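Going down the list, the protein sequences come from chains A, B, C, D and E.
Letter 62 of the first sequence, counting from 1, is numbered 62 in the working numbering, and no numbers are missing.
Just add 294 to the spot in the second sequence (first one is 1) and you have the working numbering.
Just add 588 to the spot in the third sequence (first one is 1) and you have the working numbering.
Just add 915 to the spot in the fourth sequence (first one is 1) and you have the working numbering.
Just add 1174 to the spot in the fifth sequence (first one is 1) and you have the working numbering.
The beta carbon of each residue, even a glycine, is placed where N, CA and C say it ideally should be.
Since the model is a prediction, treat every value here as computed from it, not as a measurement.
Quick notes on the structure that follows.
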Amino acid sequence: MASDTLASTARTDAQISGLDALEIAGREKELSRASRLWAATWPKLAALGIAVGIWQVVVWTGWKDPWALPGPGPVFADLADYALSSALWDGLATTARRAVLGFAAAVTVGLLLGLAVARSKILRAALGSMITALQTMPSIAWFPLAILLFQLSEQAIFFVVVLGAAPSIANGVLHGVDYVPPLLMRAGRNLGAQGLNLYRYVIAPAALPAIVAGLKQGWAFAWRSLMAGELLVVIAARTSIGAQLTYARDFSDAERLMAIMIVILVVGLAVDAAFGAADKAIRRRWGVLDQAGQ
Amino acid sequence: MASDTLASTARTDAQISGLDALEIAGREKELSRASRLWAATWPKLAALGIAVGIWQVVVWTGWKDPWALPGPGPVFADLADYALSSALWDGLATTARRAVLGFAAAVTVGLLLGLAVARSKILRAALGSMITALQTMPSIAWFPLAILLFQLSEQAIFFVVVLGAAPSIANGVLHGVDYVPPLLMRAGRNLGAQGLNLYRYVIAPAALPAIVAGLKQGWAFAWRSLMAGELLVVIAARTSIGAQLTYARDFSDAERLMAIMIVILVVGLAVDAAFGAADKAIRRRWGVLDQAGQ
Amino acid sequence: ACGDDSEGAGGSSGPVTLRLGYFPNITHAPAVVGVEKGIFAEKLGANVKLDPKTFNAGPAAIEAVFSGALDATYIGPNPTVNAFSKSKGEAVRVVSGAASGGVALVVKPGINGPQDLRGKKIATPQLGNTQDVAVRYWLKQQGLTTTKEGGGDVKIVPQENAQTVETFTSGAIDGAWVPEPFVSRLVNSGGKVLVDERDLWPDRKFVITNLLVSTKFLKAHPDVVQKLVDGQVAANEFVNSKPDEAQQAISDAIGKISGKPLDLKLIKQAWTTLEFTNDPIATSLKAGLDHAVDVKLTDPVDLKGLYDLTYLNNALKAQGKPEVVQP
Amino acid sequence: MTSTTTTPDSATTAVALSGVTKVYGRGANAVLALDGVSLDVAPGEFVCLVGASGCGKSTLLNLVAGLDRPSGGQIDLAGDASPGLMFQEPALFPWLTVDGNVEVPLKLRGLPRAERRARVAELLRTVHLADFGRKRPHELSGGMRQRVALARTLALDTPVLLMDEPFGALDAMTRDILHDELERIWSERRLSVLFVTHNVREAARLADRIILLSSRPGRIIYSTTVDIPRPRRIDSPEVAAIAAEVTERLRTEVGRHGQ
Amino acid sequence: MTSTTTTPDSATTAVALSGVTKVYGRGANAVLALDGVSLDVAPGEFVCLVGASGCGKSTLLNLVAGLDRPSGGQIDLAGDASPGLMFQEPALFPWLTVDGNVEVPLKLRGLPRAERRARVAELLRTVHLADFGRKRPHELSGGMRQRVALARTLALDTPVLLMDEPFGALDAMTRDILHDELERIWSERRLSVLFVTHNVREAARLADRIILLSSRPGRIIYSTTVDIPRPRRIDSPEVAAIAAEVTERLRTEVGRHGQ
Ligand SMILES: Nc1ncnc2c1ncn2[C@@H]1O[C@H](COP(=O)(O)OP(=O)(O)OP(=O)(O)O)[C@@H](O)[C@H]1O
Ligand SMILES: Nc1ncnc2c1ncn2[C@@H]1O[C@H](COP(=O)(O)OP(=O)(O)OP(=O)(O)O)[C@@H](O)[C@H]1O
Ligand SMILES: [Mg+2]
Ligand SMILES: [Mg+2]
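What follows is the structure in structure tokens.
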């Protein structure tokens, strides 16, 4: 046998015959579920631990006054207070509802706009670059128009959210459509897909990964626009995360500000998990899962 | 000959023999340059015309007072004033410099972060979802931290811009890396690319289209964060587009506000054109140009 | 030299940098004039370098003071109280007043008295700020109820001042209790003044801007603070004696940052509702807080130690002017 | 199964190319891929196209399928259905299962669900992949993918079939079986087939006529009718004889360009 | 040209597989692609692998190349260079020109620029694509892409070469020419080659040994040594005889599974 073995350790540790392997495959899966969960969780916990640790150390050094940079202790204490108060839950309920509705509207507008612009050369020439330009328009520039159009109503907030997120989503669609493999386009056309059917059977599914990426970016825009937009209308009996964030800053309440930032991060993590799951499902289907890591 | 011809009109109009076609190809190109420019321009002009037209009509209906919604006439007059004043050019110079520097820093951070997270499973588990979470954090939440870390300096503005744009860019990188075709990964590995070389020769170029898309989204984040960040502190009495935008609003100067919005749109269009050119170059190389339209 | 707080500690032997914050705004007229006309620079002398910073809103200025990026700032009563109470009375001291008045309730033409406000929407700059408290307290005295959430007889809608002008012109609100220059601007968009807040205070005086210094800086460089207060007194002198020049200076200063000089007419219009006084009118701040407690917008705050008016009185004494009462 | 027949007044030609030219690129980079190709395919005729690598065979099929426009000349088709094309690469949709891929043309024709199912199952049986309906393309071997693509093209039910090396990735035995299947379907449906192959024996086994294309520019340089009665066997001496003849011509042609 | 030789103490085997098993998927969906495959390739030996579509040939090459891990068994390689693999699909990088694609392995080995250029030009001449260096993959025909992939694999200069149907998309004449080229390179560099093909004649033309894999599970069911002296011709009767013998075994095997 050859003296120098390539990756032989990795290969020999699985010296089992084929059918054995088949049987073991099932068991391995059971065993590994817990360990996979652990593998996905410990780095997060470690990162969290390191971040909080550094924060605490910086606070201990007395670099800044506690009212300028409160330590983790007071912040988590305030977060606990906050979580026990109705303010967080009411605010979160309002904001989440607005975010979901606004994002849904933005998705509709963004997808339609993206598909329309991608589809027609004239629309693309006319509006294509306008999409990015609109995307760079800061939310506050839209406030006067929002008030003109919708007065002080929830719609004004939606308007700002949709204008913030829809261009981003449309850009995702455009990117996806632009990179549909030409061979698949030809295949689709030859199989009889034309016009809308070509979109339904070829372009949309082929562009799906890019569209999901665009939706993720769109969510970030929607959420940030919402945080700003929630100050537009402080509506009767309805508090919101965006308003609370600004109040915390207005009252120089560093602890509450950081507590709200933690809440925003947690919401972001949850949303990312949802997008991550969708993306993973697509990658599994397409057979491009878990190859980059190797 | 068959009675029913398929798309025969389209095909017969080019009844010329091969070598003629070869010769004509050159001439056609000359001829079509002007017409292609026209084809790219008229829809933009038309869109512009329609938009301004609707705006003018709305103003004529007297729906809102002229100080709430000024017509195109006064706005363009103010834009002309604005363009002749040093305010626009000074502000644009400051803002553009900040945008370019901030974006460059964000690109560096975003690319490195994205590649690092894409590459290491542990980093990915630890930070992957944090990226989207950070992306959703509104700029104002970072202001206190920016001031703490960088006092009242340009760096504080950069900090906000980088925190706004880098996650978006990193997400673009992650998306691109995730969808590198497995076959090309295998080919690269077999050709001897490992570690950094695999990134350099396979992953980065394969992910390039998605990275460019991420950069475009990142630019929008950077610009919007900058517009907010420029209010953080007005350094050395230096005017900037962000400050002008807010002051126009504070002064209820609807005309100037709209003039500044037009400036922002124009900057956005210019940047989009740059990204569009980059993207087109990639698509031409890859052979995926101009197939979606058909 | 915008470095550590420790820099130059131990007296003013070496050169000291004074980082001073203010808003390019009418209510900050003494600051604008003091910087633009070189009054501060003159009073501070060669040994102290003035590093002025302009802000657009209070929170950032307070953040800057907290983080040691600013040594002193002109600011309104609300952030003053917040900064004092959040730092448990440690971070800041008020060393002088700057301006009084300049706040009013502007309403739509049809509204002629408090009772006409029933069911109407009134805007304030921010939930729990001075004007928000003032309008709620005043309404309460008129027998009208309000709630924190915007319910009650009169609906209070806190929103940015810039937005207030937009919502007022578009008819979404019926009035607003705001400071200058928004009062004038609302009046120019067809509103009328229903209540001039000066009428509600003794001597028609209540604080709208005062001068805050960080306690650390005050401890390290009392002499510099003295010079700053001297400058403030001189600036007010200038503002009051040469209003035209002061108004022009404000217009120019705003123009430098916003790209468009502020309309002089508007400044003149707002000017009449303001009084530039060195007295921080501590009683009005205290009363305002009591009102806030009364309308259940805040818990009581102990303001003891907020004011340190020795420097102001030194300055006034030197000029032979009447001293103010240390609260 | 629906048997699509060509319309009566197109009784003589199913596909007619006259003077078809195709130039790729522009200026100095221009490649003359096809130069004045004229070719008629009769209804029900099986035409095989052979030629050296890069001589323009795929280009020709793409033009006939209407996926590209000729730079010159004319292409006419009988009937209103565009021809079904089996690409040189499998071109399967990665987001669909094998079943899903084969079902696409049936869905696009609006067939009811039950019928679609039955048809997909039948087609997968035809290509010997009955058990693989629920797999995804990336889980298949190269030859399996090619067979799925074949099934998908057959699902189109068009009167004209264009096939670009459909059996290139298959072992000899599987290919023999599929030759029989294809021949059966061709005669049942009276299809007109334009079939590209590198295997000259395969051409002789299947074709009514074999056409040889030259390289750069692609021109028809030879055409022969195969009169061997069907059923034929790929290892029969008659097939071998025709193959040898075509090979000889091909050798001259490639020899001219190969060096 | 650098001639890579195997180390002395690996004189007897270049590649050694013992009891290699590969299972794809899990649970009910598991596919046993390879089952206990043991195979030694001697240094300088040319081994051809034939088998029905989907029997596990590509899987085997991927395992030997180290791109996948076997579920069981052991794979040993002489020397420290991993084998070069020519994939069943061209797998060219779309962002590079033809030149650029062939240059990648040379760059990765750190060759100086001038040397790289010369080598690329030589390799493209070998595959008869000397004029196509500046084209991009999408501008090439199927067979041309395959030849670029061949050139890129040859640029690797590894002592062991794995080839997955490298000539499947080529016409007979071009293939014959490339057979000669490959044989020349093989003997010059003393390469060990594991070569997958569906063309049994091609196997008999090139191989020192032909190995037949069965389908699901993939097992070695037949192995024969080809003793015909080189140079051989693909249409020689000796080659035909060996091909017929292997075809017969293949037929039995596929017949067993095909229906
Ligand atoms: N999109 C394209 N752009 C530029 N040139 C092209 C393009 N497609 C094909 N060609 C060129 O046209 C010629 C014919 O290509 P085609 O694919 O038709 O060959 P083919 O006969 O199918 O070859 P093969 O047997 O190798 O598949 C080749 O020289 C090729 O380089
Ligand atoms: N990634 C995968 N996931 C699941 N199954 C796979 C995968 N790759 C291959 N298979 C299965 O393994 C078996 C062998 O596949 P392989 O590609 O090795 O066949 P092959 O001998 O190369 O066939 P061909 O001649 O058609 O290329 C097939 O049944 C195939 O479906
Ligand atoms: Mg071809
Ligand atoms: Mg294979």
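Item: Start-to-end residues for the beta strand (DSSP E) that takes in C:Trp765; Value: Gly763 to Pro767
Item: Local conformation of A:Ile264 per DSSP, three classes; Value: helix
Item: Residue-level contact to chain D via CB, E:Leu1330, 8 Å cutoff; Value: no
Item: Cβ neighbours of C:Ser777 in the same chain (closer than 8 Å, five flanking residues each side left out); Value: Val753, Phe756 and Thr757
Item: Chain A within 8 Å of D:Met916, Cβ atoms only; Value: Interpretation of D:Met916 is limited by its pLDDT of 34, a score under 50 that renders its predicted location unreliable; the figure taken from the coordinates is listed afterwards. False, the Cβ-Cβ gap to chain A never drops below 8 Å.
Item: Given B:Val561 as reference, the closest of B:Phe444, B:Gly466, B:Leu509 and B:Thr389 once Cα atoms are compared; Value: B:Thr389
Item: Cβ neighbour criterion (16 or more within 10 Å) applied to C:Lys674; Value: buried
Item: Residue-level contact to chain E via CB, B:Trp580, 8 Å cutoff; Value: yes
Item: Local Cβ density within 10 Å of B:Ala345, reported as buried at 16 or more and exposed below that; Value: exposed
Item: DSSP bridge partner residues for D:Leu1077 (one or two, in chain order); Value: D:Leu1000 and D:Leu1109
Item: Closer than 6 Å to ligand 5: residues, by C-beta to nearest heavy atom, in chain order; Value: The ligand content of the structure shown is limited to ligand 1, ligand 2, ligand 3 and ligand 4, which means ligand 5 is not among them.
Item: Beta-carbon gap between B:Leu457 and A:Leu69 smaller than 8 Å; Value: no
Item: The region 818 to 826 of chain C touching the region 700 to 714 of chain C, judged by at least three CB pairs closer than 8 Å; Value: no
Item: Uninterrupted alpha helix (DSSP H) stretches inside the region 810 to 853 of chain C (no shorter than 4 residues); Value: 810 to 829 and 831 to 846
Item: CB contact below 8 Å: E:Phe1369 versus chain B; Value: no
Item: Opposing strand residues paired with C:Arg681 [DSSP bridges]; Value: C:Val801
Item: Residues of the region 1201 to 1212 of chain E with Cβ closer than 7 Å to any Cβ of chain D, in chain order; Value: none
Item: Buried versus exposed call for C:Pro746 [16 or more other C-beta atoms within 10 Å across all chains shown]; Value: buried
Item: Under 8 Å (Cβ pairs) to chain C, residues found in the region 367 to 379 of chain B; Value: Tyr376 and Ser379
Item: Buried/exposed call for D:Pro1020, threshold 16 Cβ in 10 Å; Value: buried
Item: Segments assigned beta strand (DSSP E), at least 3 residues, entirely inside the region 37 to 98 of chain A; Value: none
Item: Distance cut-off 7 Å: D:Tyr939 Cβ against heavy atoms of ligand 1; Value: yes
Item: 6 Å CB neighbourhood of A:Leu174 in its chain, flanking five on each side removed; Value: Gly114 and Ala118
Item: C:Asp784 in three-state terms, based on DSSP; Value: strand
Item: Best match in A:Ser86, A:Val59 and A:Gly188 for proximity to A:Gly73 [C-alpha to C-alpha]; Value: A:Val59
Item: Uninterrupted alpha helix (DSSP H) stretches inside the region 617 to 687 of chain C (no shorter than 4 residues); Value: 617 to 624, 627 to 632, 646 to 654 and 665 to 674
Item: With 16 other Cβ atoms within 10 Å as the buried cut-off, status of B:Ala568; Value: exposed
Item: Residue-chain proximity (C:Lys674, chain A), Cβ-Cβ < 8 Å; Value: yes
Item: Cross-strand partners of D:Tyr939 (DSSP beta bridge); Value: D:Val946
Item: Residues of the region 193 to 219 of chain A whose Cβ lies closer than 8 Å to any Cβ of chain D, in chain order; Value: Ala193, Asn197, Tyr201, Val202, Pro205, Ala206 and Leu208
Item: Bridge partners - C:Ile710, DSSP secondary structure assignment; Value: C:Ile744 and C:Gly763
Item: A:Glu230 (DSSP reduced to helix, strand or coil); Value: coil
Item: Span separating the alpha-carbon of E:Ser1397 from that of B:Asn484; Value: 28 Å
Item: A:Phe251 to A:Lys280 span [Cα, whole Å]; Value: 43 Å
Item: Cα-Cα separation, B:Arg321 to D:Val938; Value: Any answer about B:Arg321 is weak, because its pLDDT of 44 lies below 50 and its placement is not dependable; what the coordinates show is given next. Distance between the alpha carbons of B:Arg321 and D:Val938 is about 15 Å.
Item: Contact list for A:Leu226 against chain C, beta-carbon separation under 9 Å; Value: Going along chain C, no residue has its Cβ under 9 Å from A:Leu226, so there is no contact; the nearest lies around 16 Å.
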